[in-house]
Structures are given as C-alpha cells and as structure tokens.
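The next block holds one structure in the form of structure tokens; read it before the comments.
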C-alpha cells in the first residue's frame, strides 16, 4: 500500500512507544490509527495554578492537591497500613492505604508528581485515606519539560492501565503525535463554514483540546470540535432526507369522505385533542407529492396505534397498501389485534405476518399482498423478507424504530414506490436527541393521555418490605386485578448475583403464591409457548405474570394494576418508564414498585428516587440521557446516533441547530466550496451511504 500522510490512514504502531501489545490495548477503546489517538480527548484537566496548597487544608474538606513523593513505606500497627508522603512548596501530606497495599507499594516511586483527591481526615495530623490518585509525572524534571499550567487527564481502563496507558502513558504518546501530525489532519468542514462560524483551524483546535493555553482556549476548541462532529452527522441526515424528498410519490391518497368521518366518530372512544392534531398533521403529509417522513412520539398509552390505524385505513380506502412493522412478535400481534378491532365493519382486510406464521397461512397472506387484495398488513421484520411482494405499498409505519435501524426501515420502504413513512416511538426523546437520531423526520408529539387514566403511583422499596408487598399483591389479585413481576435476567448470573425470572417463577408459584395462577414469559421461550402465556394473561386466566423485559412495550392489559420491578437499579430510567406504562391503562388505581438492594444515599438509589418523583417521560429521558448516553436511552446497537467524542446531546442544542443550518446550506449549494472540498464531502457521504446500506451505521 502506498504511504499516506493522512493520520486517518497511519496505524498507531508508527508512533514511538506503541508496540503490538499497546496497539491491541488501544484497539479496545477504538484507537487503531494516529487520527483516532489525536481525537482521544482528556476527560478533565488539572490547573496547577488553582490547586489548593497543602498548608491550607482543613479537616472535612473535599480537595484535590498536587505534590511530589518524598517518602513511602509500610507501617505496622494494630492494622498494617501503607503511607506515601507528598510535598508541595507549602508543606507535607500523608496518604494512607489499609487495603491493596501490594499494589500501592509497586505503583509509586520517590520524586513522582501525584494529583490526589479525597476528603481530609485527621489522625495525628491531617491526611487523606484511600485517595483517588493520578500519576502526573515520573520526575520533577519531566514535569518542568512537559507542562505549563493545565494538565490533561485521560480516560483509561484496566486493560489500558495494564499496558501503562494511564493518563501519564497517554500524555507520553499524544504529546509527540500532536507535534508531528496535527497539521496533516484532513478537515472535511469547508473553509466557508470555518470562517462563517468563527471556528478554530482543526489542527489548533485539536492541540488546544489536549494542551490548552487557557480554559478559554479549551472552551473554544471544544466548541469547534463539537460543531464539526455535529455538522458531519447532520450532512448525512440532510443527505438521507434530500434523497427521499426528491422522490415523487406514485400514489395519490384521497381525502376522507363522509363515511370515513362517520367511521372515526363511531370508534368506541373519543380521540384526544393531541390525537386529532396528529391525524391532521399526518393527513396533510399524505396529500403532498413527496413522501412523508414523520416521527410520532407519544408516552406509553397515549394512543399512537389508533392514529396510525386511521392513516392506514385511509390509504387502503384509496386503493393502496399500508404496512406496520414492529420489533417483536408479541408487539406485532398486539398491534394487529388493536388495528383489527378498530377496522371492524370497515370492509378492509388486514393480515398478520411474523416469523411463526404457519406456512399455509403465510402463502395466503403473500398472495393477498401481491394481488392487492390485502390492503393492510402488520408484522415483524418478516415483512421485508425477499419473497414478500406488495401490489402497491403506499404507507410504511415502523414502531419503535430504534430497535431496527435505518437500513431495515429503508428495506421496507424499498418494497413500494416512494411510500410515505410514519415512525412511532413510546420512548420520550429529548429535543437534542430527536434532532440527531431522527433528524431526517418531522416531529409529531402526542402529549395527552386518554380521559379517565389515573397516574401510576410509584414507590421505592427494599428487601425488608417484601412480606408487605407480597400481601398487597395477593389482595390485588383477589380483587380481580393482575400483576407483573419483572426481572432483568432470564438465567442466574454468578457475576451479577441477580434472581433470574425462571428461578423466581419457581419460588413464587411453589412457596409464595401456591394458591394463585402464575405465568412466566421470557425471550428464550419458544414463540408459541410465550404467545399462549400472553394470551392467557390477556384473557385474565393468569393473575401474576413473571417476566423479563419482553413486556416492555405495547402489551395492553387493562386489568393490570401492579408492576413489581426487581433489581430496579439494573434498568435505565427510560426503560423503567416503559415498564411502568404496562399498568394504569384503565381507570383503576395502579402501582409501580421498584425493588432495590442499593443503600439509601448511594448514587444508584438517588437515581431511582429521582425516577419515583417524576411521571414526565421527557424529564426522565433527559435524566437518562445525562446519566447513560444516547445509545442506552434509545436501547441498542442501531440507535442511529454515533458515539460523539466531543458533542454532548444534552447540552449542545444550539450547536445541533447551527450544524443543521450549515448542513442544509451545504446540501443546497448556498456556500462557495473549492472543488477539493466538494470532492471530500461527496466521498465522505458516499462512504457513509455504503456503510449504512450494509448495516454498518444507522
């Protein structure tokens, strides 16, 4: 291969100090090229000029101080401990360890410069016990050569540390790499944007992000790098949107007539204002000559399926076909039952197609779709199988799209001629995340629950409350109500020591509730067994259902009034909110009980307390985004959001909007670009399209 001077093409092993073992360790955090290393930014900084001098420490203070190791050794007392004494210009401070003595003994050497954090305690003088320690430099001489005032602290892992790639190790390889390669970084962002948005040049931004001259320069570097990341992502979003917007629909949806209006009015419930607004927005899109690209977002139980069914019915009445794809078989069946019951008496044929549809029935369904006799279809990813042909697919509805990914969504759309697209999600998505994960879609929000729904009362409980809880569950079932008990794992995990659903089911049915009908549902059961169990629970034959998160979305049981979630700390807050939505689906008083073994006051316990206080899905989603990141919030590998190195989807709303603005200008040729800049952007977009079509990104 010809030598390239582009850091994106140079293996990290070309750097001094990076051999095969270190390269292997770096690959575990996604660093394989010099460019990857340059974009591996510090997690925080130490400003030597603002650190507290040792002489000013007081008992009870949480502090960070820096000093040089002047003495260390094992001290024998009633309980042996290891002491390291550090010194700065103002005094000495002992650091004490009672545990991990062998590790500490090997880790520190005389003349090392350490940054230590902890709470000051007193025992024969002030000290820090088991402090958090960063080795800043090996020797004072190294400290003078390699730093001014602000020192970068890099994220590390056990694998990296075993290969001497703690913060100090990263500084040793990154500093020379910055000197040698920053000016060679290829900037995909055109000069016109850099100038107009007043961004730092790329090389300078990268240097200032690692070794800032001041915190003002570091903030400017962060803003520059975050906007670049967001802009490149928004270019891909704008490209996807543009490609679809240029298409002309091959179908013309009729406007509803009187009989359609009478059918909607004849539904067994009144639509909420939010549902009516959603129907109006969707119908407006259906009449346009370009394909609809719309995300319908609504909290659990807000009636999204009803809105989708109304749109699907009008498409079928216009002589075309509509397909709804759901991520699981249970959810597909639930949607099918809902849509089927709503369309009673409409004269429209609706079919269900999943992986377990029996062969004779499947053949019949495929024949109906190919001939156009079947106007509506609900199913799983079986809808995009190669042998499924549609006579004239005009509307694609995708539920919980983040469980599929863009490539599967587009595979279903490819079954028709530029069909309209409606994506539904019950995951409340903060605006910043909606603009990225679903940036190519217009947004409809159903922010109102049907009349008569009562808020679900949520409580946080610990092991000592279990007898009372079991007694309460027994009373609820005696009243004719139903109960979910949710576990995070199916089988025992020695590592996590969590009760598994299968073992819990055995204990509950044999020892706790032997007199009550109890069922079990989890993802590893055979489909027909699972479906039969859900059918029995829906029919009210089972009072208590022990389950894993297969019941997270879409299961609608009006008599379910209690959901007990074991090991609640193991779930994301948005997932807990989804699970809570399984109850409170009627006018009955309903309860969500979170069980945890976490100590009150611990971070995990406080996180659950914040969940208990809120029923607002959007606030919970923002908190989840803050705590766990977008991939976890949207739930899975193909969330459609890249792992941004710098941009923060919770706090960078203004940058996201700016990035969208520039992406649109670039897509519509409103900025002057050189031929080379245009070629670079085209190549970038083409490469990402190829990755997307093979399922590499979403």
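Residue numbers (my numbering): 32 to 729.
By construction, the Cβ of each residue, glycine as well, lies at the ideal position given by its N, Cα and C atoms.
Legend entry - Close Cβ partners of residue 120 (< 8 angstroms) along its chain, the five nearest in sequence each way excluded: For residue 120, where only same-chain residues beyond five positions count, the Cβ hits under 8 angstroms are 84.
Legend entry - Alpha carbon of residue 508 to alpha carbon of residue 553, nearest angstrom: 22 angstroms
Inset, instruction - Sort 99, 425 and 391 by Cα distance to residue 403 and report the nearest one. - result: 425
Inset, instruction - May I ask whether a heavy atom of the ligand ATP can be found less than 7 angstroms away from the beta carbon of residue 254? - result: As far as ligands go, the structure on display features none, and thus does not contain the ligand ATP.
Inset, instruction - Measure the beta-carbon distance from residue 587 to residue 512 and round it to whole angstroms, keeping in mind my assumption that it falls under 8 angstroms. - result: So it is not a contact: roughly 15 angstroms between Cβ atoms.
Legend entry - Beta carbon of residue 325 nearer than 8 angstroms to that of residue 569: no
Inset, instruction - Could you check the C-alpha separation between residue 210 and residue 182 for me, to the nearest Å? - result: 17 angstroms
Legend entry - residue 591 at chain D interface by Cβ criterion, 8 angstroms: As a matter of chain content, chain D is missing from the structure shown, which is built from one protein chain.
Inset, instruction - Could you tell me if residue 155 is buried or exposed, where buried requires 16 or more neighbouring beta carbons within 10 angstroms of its beta carbon? - result: The residue is exposed, with fewer than 16 neighbouring Cβ atoms inside 10 Å.
Legend entry - Cα-Cα separation between residue 68 and residue 641, rounded to whole angstroms: 37 angstroms
Legend entry - Residues near residue 141 in its chain [Cβ-Cβ closer than 6 angstroms; skip 5 each side]: 100
Inset, instruction - Look up residue 134 in the DSSP assignment and say whether it is helix, strand or coil. - result: helix
Inset, instruction - Taking the CB atoms as reference points, tell me whether residue 234 and residue 214 lie closer together than 8 angstroms. - result: yes
Inset, instruction - Kindly indicate the opening and closing residues of the alpha helix (DSSP H) around residue 211. - result: 198-212
Legend entry - Local conformation of residue 538 per DSSP, three classes: Helix, per DSSP.
Legend entry - Identity of the residue in 514, 701, 191 and 534 nearest residue 619 by Cα: Of the listed residues, the one whose Cα sits closest to residue 619 is 514.
Legend entry - Per-residue DSSP class, three states only, for residue 396: Of the three classes helix, strand and coil, the one that applies to residue 396 here is helix, per DSSP.
Legend entry - Three-way DSSP call (helix, strand, coil) for residue 163 in this model: Per DSSP, reduced to three states, the secondary structure at residue 163 is strand.
Legend entry - 7 angstroms Cβ shell around residue 559 - same chain, five flanking residues per side excluded: 387
Inset, instruction - Below 8 angstroms CB to CB, which residues in the same chain sit around residue 343 once its five sequence neighbours on both sides are set aside? - result: So the qualifying residues of the chain are 353, 355, 370, 407, 426 and 428.
Inset, instruction - Just tell me which of 274, 335, 300 and 687 has its CA closest to the CA of residue 310. - result: 335
Legend entry - Beta-carbon proximity of residue 90 to residue 151, cut-off 8 angstroms: yes
Inset, instruction - Have a look at residue 606 and residue 418 and give me their C-alpha separation to the nearest angstrom. - result: 35 angstroms
Legend entry - Candidates 107, 168, 44 and 138, of which the one nearest residue 129 by Cα: 107
Legend entry - Contiguous alpha helix (DSSP H) assignments of at least 4 residues, all confined to the segment 292-366: 304-317 and 335-348
Legend entry - Runs of alpha helix (DSSP H) wholly within the segment 559-608 (minimum 4 residues, chain order): none
Inset, instruction - State buried or exposed for residue 682, treating a residue as buried only when at least 16 other CB atoms are found within 10 Å of its CB. - result: exposed
Inset, instruction - Assess, as a yes-or-no matter, whether the segment 269-281 is touched by the segment 229-243 under the definition of 3 or more beta carbon pairs within less than 8 angstroms. - result: no
Legend entry - Coil, strand or helix - residue 712 by DSSP: helix
Legend entry - Contact between the segment 223-231 and the segment 45-56 (3+ Cβ pairs under 8 angstroms): no
Legend entry - Same chain only: Cβ atoms within 8 angstroms of residue 251, ignoring 5 sequence neighbours per side: 231, 236 and 239
Legend entry - alpha helix (DSSP H) segments (min. 4 residues) lying fully within the segment 98-161: 132-138
Legend entry - Bounding residues of the alpha helix (DSSP H) (the contiguous stretch that carries residue 264): Annotation: the continuous alpha helix (DSSP H) that includes residue 264 extends over 246-276.
Legend entry - Cβ pair residue 695, residue 269 closer than 8 angstroms: yes
Inset, instruction - Return the chain-ordered list of same chain residues with a C-beta closer than 8 angstroms to the C-beta of residue 374, the five sequence neighbours on each side being excluded. - result: 340, 344, 381 and 407
Legend entry - Contact set for residue 727: own chain, Cβ-Cβ below 7 angstroms, skip 5 residues either direction: With a pLDDT of 40 at residue 727, under the threshold of 50, the predicted position of this residue should be treated as unreliable, though the coordinate-derived value follows. If we look at residue 727 and ignore the five residues flanking it on each side, it has no Cβ neighbours.
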